[in-house]
Structure formats: C-alpha cells, structure tokens
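Below is one structure, written out as structure tokens; comments come after it.
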Amino acid sequence: MSETTVPSVRGPAARGSGGAHAALTEPRPVRIALTFAAVAFLTLFLLLPFAVVFVEALSKGLGSYLDTFAEPDAQAAIRLTLLVAVIAVPLNVVFGLCASWAIAKFDFRGRNLLITLIDLPFSVSPVVAGLIYVLIFGAQGLFGPFLQRHGIEIIFAVPGIVLATMFVTFPFVARELIPLMQDQGTTDEEAALTLGASPWRVFRTVTLPNVRWALLYGVLLCNARAMGEFGAVSVVSGRIRGLTNTMPLHVEILYNEYNYVAAFGIASLLALLALVTLAGKTFLEWRHADALAGRGAH
Amino acid sequence: MSDAAALPAGRAAAPARFRRPSALPGFRLTFGITLTYLTLLVLLPLAVLLLRAASVGPAGLWALVTDDRNLAALKTSFGLSIAAAAIDAVFGLLIAWVLTRYRFPGRRIIDALVDLPFALPTAVAGIALASLYAPNGWIGEPLMALGIKVAYTPLGILVALVFVGLPFCVRTVQPLVAEIDRSSEEAAAILGASRFRALVTVILPPLIPAMLTGFALAFARAVGEYGSVIFVAGNLPYVSEIAPLLIVIKLEEFNYAGATAIAAVMLLMSFAALLAINLVQDFSRRRFGHV
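Chains as they are written, first to last, in our numbering: chain Y, 1 to 298; chain L, 1001 to 1291.
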C-alpha cells in the first residue's frame, strides 16, 4: 500500500505546480497562505509557550536561575520525581511486555476488550485517577481505618504518588508493543523453539531484539509522563514541602507564591525533559520507522 | 477466567475454547500478570468509584450533581472542550495537510514540535500560558489593547484546551493525508473539476472519520484536563471553574460524596466518548477501508 502511494505523494509536491501537475496541487499563493497559517498557529500555541518558560526563568539573570536549584526543597522535589519515575516506569515496562506477549502472540476470546481496558487510563481525567486512590486508601476510604490502625501511610505520602503515577502511565509501553508484536507474528519464536531454545532464551534473543526500538519509544513517553504528571499526583500528595512534593507540584507552589523565577526555573528542567523526549522520539521515528508499528495518537 | 482454568483438558477438541492452541509458551504467566495488574491498578479502583457513587442512590446522585455550581462547572468544561476540539479538528487538518503535502524549510522540526503538548508537563504549560496571556504578557498585552482579556477568563481555558488537544487532531489525520490515492485526484482533474471542487468532493470525505476521531480524542482529553487550565483560568465559581477543579475543591473540603458524584459523571462521559470513537472507526473501516 504505502510502497505505491508514497512516491506519487512526494512527486508532484516536490516538483511544485509546474506543467501537467498544476491541477494536482493548489495554486502557489494558496500554498503559501496555508503554510503561513499552519506555522503561525503552531508558533502561537506551541512555540511561544515553550520559549516563554526559558525567558521567564532567566529574566533575573543566570545567577538567580541557578540559585533555584540550590534550594533544599527544590532538590527534594527533583529527587522525589526521579524516585517515582524509577519505580513506576520499570513496573509498567514489565507489565507492557507481559501484556503484549499475551495479547499479540496468542489468540483468545476477549482480546479486543482487554486492549480497550488497557487504554482506559488515557480517557480518565488525572484528577479522577487521584480520587480513586483517595477513595480506597484515604482516611475515609475503603481501607482507611485498617491502614490507620497499622500506621501505614499511602495517601499524602510517597506510595500514593507512585500509585497515581503508575495509573496514568499504565498504557504507554503496552500500546507501543502490542501492534508491533501483532505485525511480527509468531514464526520467529516458533523457529527458535523448534531449534531447541528455552522459552526464556527465545524471549531474550528473538522477541526482545525485534521490539527494542518500540520498547524504547514507549519508555520515553512513559517516563516523560511519569516525571511530568500533575493532576493525579496533586490529589494524592498533600504537597508537603521536602517530603511529598514532586517537581510539577513544586512549580505550582512557587508560582502561587509569586516566586516566578524559581517556578519557571524548575519548569525549565521539565521543559528540557520534554525537549529530550521529543528529540528521542523523532530520532526513533526517523531512523527506525520500520521497527515501530501502529503508531497513532497518544 | 474459568475457561482459562479448563484449558488443558479442552485443548485438543472443543471448538468453543478460550484460546487457539499455540506452540509458544508463557500464556498463562503473562496473561495472569496482565489481568492481575490491570485489575488491581485500574479496574478495581474505578469500580470502587462507581460503586461509591451508586451507593448514594439515583436521587441523591442527581441532587449532588445538579447543584448550581456543579452544573456551571460541567457546562464550562463540556462547552469549552467541544469548542477547543472543534478548533483543533480544523487546524489539525490544515497542519496535517501542510506538513504532508508541502515542502518548506523547518518542516521536520515543526512536525516534531506538534507532539510538544504530549511531552510538556501540564503544570509547565499552565504557567507558560498564564505568563503569555496575562495582561502584561507577550500576547496578553497587545490583545488587552484591543479590549480582549484572555488570561483568568473562560477564553484562557479555551486556549489551554486547544493546546492540549492539538496533537490528537494532527496525528490522526496526518497518516491518511499521506496515503490518499492520487489517482482519484487525477481522475477529478481530468474530468474537469476545479482544484477546490476536487478537494471538497474527492479528498475531504475519506478524511472526515479521522477528523471525528481526533475531535473525540481531543474532547476527551480536554474535559479531564486540569494542570494546564487552572493557572490560566482564574477559577471564578460559576464563570471560569472547570469540573476537575471542583473535584479537587470538594476533596479539600472532605466532601467525598460531592467529589465522587462529579467524577462519576465525568467518567461516564469519557466512556461515551470512547464508545463514539470506536463506532466512528468501525464505520470508517467498513466505508473507506481504513481507520
């Protein structure tokens, strides 16, 4: 399909409006106007918000920008954000690998329902994602009295933040791997098994190398969301400075205290993370497009 | 699940078995982990929310949801989300078209930039938009001179929702623009249709299901959006207060029943959006042979 259409798509557009192809593209002034409109819209809505973060962060000079990161509360927020990502991302990688193996390599009843359910967290508001854990583990929650008796803190503590983050990042890895592994089928693995490889060895030396770029792609997106999550985490965190404050929550506190340089300073780190994520994602799409399948909207 | 347990016995014969036999190992382990993880982390917590909302009873739930302030917030959230998704659908098509069909300097970078709202944390987007559209901001100041106030009004919410929804609308349409069969365009041109007529009658119709999918995805995301909105909204009750913020406010007042009721309504609406997406894609697959 794409083999036949891609060259013909590129052809006339690249050659411009000259000659016989004039009827197959818009007149030059229209093309320029449309391009200008699209670029202007993207500049206004995407580029300017991104740029203003760095301009605001550096508005009082490099010295006060760097002072932001010397604050103990800022450092604690950075550490907590890294800790949450280090727990949530690997767990979702294990889940993603298990789910894609079961769903893509086997044919069973209810498979499509399972795929829909895995995507469910994407259509739940982050605030609702936080709320459901408050309803279970909070003081008035299902297990609230039990947890209180045993002195276990989940809500307004680190475990709640990890749970809420795991919920919102749950589908990222699985949804990158499932379509790719479905495309790849089972013949490689069957051949390896026939040749006498153990199941673990088949997974490690056949399946994993086949999906490694898609896995990296999923991990990139999962990590960006895990470090940047705000709504779900803000509901379960309690925002205790130095203890349960992640970077996005710290940005909010500083901003509400009118400490704009520091707020945009922390925000600039998160914006850099977004930039690295986009660069990695674009590189993977450019270099390993054939090793990533079924990419859609996220 | 009971089918899975009966698997080994029914493996050879029964046609109505749970799964097709396979030479590959590891189904029970990976399927078990998947189902357990999914149930504990996602399904049970969501079920607790819905049960808790249901335990108030339909009349009680109705009373909780139809409180004036809640209705105002739900109206703000849904109304502005529809408007933002519509703007995204139109500009998403334009951007997808320009990025796929035209060649201009910086096209690749701009193409990568489209995904920025996926990658940029919502709190960062929120304070950035608030700074841009504030009365003394880069965009807010010139607009102020024209008498338009964006930040701390419903217009500010709209801007934030357009931001978060845009990539959905570009990325659902873009692959289809790239795969348009040029021969139908050629046929339209040879048969004497003007370029404009070919665009409207030949090229656009197969793209509409993808635009609707993008619209629904952007809408679902916008309704639940919190972080990028609250900084730029002003959060005035009855005017610029969104439903997710109201959940947070009720929680801070320890009004669990109120928070749960709004959350249940939002959850059901997003399930409806999900269903609508599936129906559109189903229709598109039958009518045009693509999603």
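Even for Gly, the Cβ is constructed at its ideal location relative to N, Cα and C.
All values derive from a computational prediction rather than experimental measurement.
Coil, strand or helix - Arg-1101/L by DSSP: helix
Are the C-beta of Gly-1026/L and some C-beta of chain Y separated by less than 8 Å? yes
So, at 7 Å on beta carbons, what are the nonlocal neighbours of Ser-1081/L in its own chain, with the 5 sequence-adjacent residues on each side left out? Leu-1161, Phe-1219, Ala-1222 and Val-1223
Assumed close pair Ala-77/Y, Met-247/Y - CB separation to whole angstroms, cut-off 8 Å: 5 Å
Roughly how many angstroms lie between the CA atoms of Gly-16/Y and Ala-40/Y, to the nearest whole one? Note on Gly-16/Y: pLDDT 42, under 50, position unreliable in the model; the coordinate value appears next. Straight-line Cα distance between these residues: approximately 22 Å.
Return helix, strand or coil for Arg-1020/L, following the three-state DSSP convention. coil
Measure the C-alpha to C-alpha separation of Ala-1119/L and Ala-289/Y and round it to an integer number of angstroms. 20 Å
By alpha-carbon positions, which one of Pro-90/Y, Asp-107/Y and Phe-108/Y ends up nearest to Ala-174/Y? Pro-90/Y
Whole-angstrom Cβ separation of Val-261/Y and Ser-64/Y, contact assumed at under 8 Å? 5 Å
What's the C-alpha gap between Gln-1234/L and Leu-47/Y? First, the residue type needs correcting, since residue 1234/L is Gly and not Gln in the sequence shown. Going by the C-alpha atoms only, they are around 23 Å apart.
Three-state class that DSSP yields for Phe-170/Y in the structure shown: coil
For Pro-1244/L and Ile-240/Y, the rounded distance between their alpha carbons: 22 Å
Can you name the residues of chain L whose CB is closer than 7 Å to the CB of Cys-222/Y? Within chain L, no residue comes near Cys-222/Y; the closest Cβ sits about 12 Å away, beyond 7 Å.
If we cut at 8 Å on Cβ distances, does Ala-1187/L have a partner in chain Y? no
Is Arg-287/Y helix, strand or coil when you go by DSSP? helix
Simplified DSSP state of Phe-108/Y, which is helix, strand or coil: strand
Please classify Val-1159/L: is it buried, with 16 or more other beta-carbons within 10 angstroms of its beta-carbon, or exposed? buried
Among the candidates Leu-1166/L, Ala-1134/L and Ala-1085/L, whose CA atom is the shortest distance from the CA of Ala-38/Y? Leu-1166/L
Hey, does Arg-1285/L have any beta-carbon neighbour from chain Y nearer than 8 Å? no
Give a yes or no on whether the C-beta atoms belonging to Val-981/L and Trp-1062/L are separated by under 8 Å. Only positions 1001 to 1291 of chain L appear in the structure, and residue 981/L is not among them; the question remains open.
Are the CB atoms of Leu-1041/L and Met-166/Y within a distance shorter than 8 Å? yes
Positions along the stretch 1136 to 1153 of chain L whose CB lies within less than 9 Å of some CB in chain Y: Gly-1137, Trp-1138 and Ile-1139
DSSP three-state assignment for Asn-1136/L, whether helix, strand or coil: coil
Helix, strand or coil: how does DSSP classify Val-1056/L here? coil
Which runs of the beta strand (DSSP E), 3 residues or longer, sit entirely within the stretch 1125 to 1191 of chain L? none
I'd like to check one pair, Ser-1240/L with Thr-1153/L: are the Cβ atoms closer than 8 Å? yes
Applying the criterion that 16 or more other CB atoms from any shown protein chain within 10 Å of the CB defines a buried residue, is Asp-183/Y buried or exposed? exposed
Between the C-alpha atoms of Leu-1155/L and Ile-1148/L, what's the straight-line distance to the nearest angstrom? 9 Å
So which of Val-1280/L, Ala-1216/L and Arg-1287/L has the shortest CA-CA distance to Ala-1084/L? Ala-1216/L
Interface positions of the stretch 140 to 152 of chain Y facing chain L (Cβ-Cβ less than 9 Å), listed along the chain: Gln-140, Gly-141 and Leu-142
Report yes or no: do the stretch 1251 to 1261 of chain L and the stretch 101 to 110 of chain Y share at least 3 C-beta pairs separated by less than 8 Å? no
Hey, how far is the Cα of Leu-1043/L from the Cα of Asn-245/Y? 27 Å
Under 7 Å from the C-beta of Ile-303/Y: neighbouring residues of chain L: This structure cannot speak to residue 303/Y, because chain Y is shown only from 1 to 298.
Can you check whether the CB of Leu-1246/L is closer than 8 Å to the CB of Ala-1073/L? yes
Lys-1250/L: first and last residue of the uninterrupted alpha helix (DSSP H) it sits in: 1243 to 1252
Unbroken alpha helix (DSSP H) run spanning Tyr-1256/L, endpoints: 1256 to 1288
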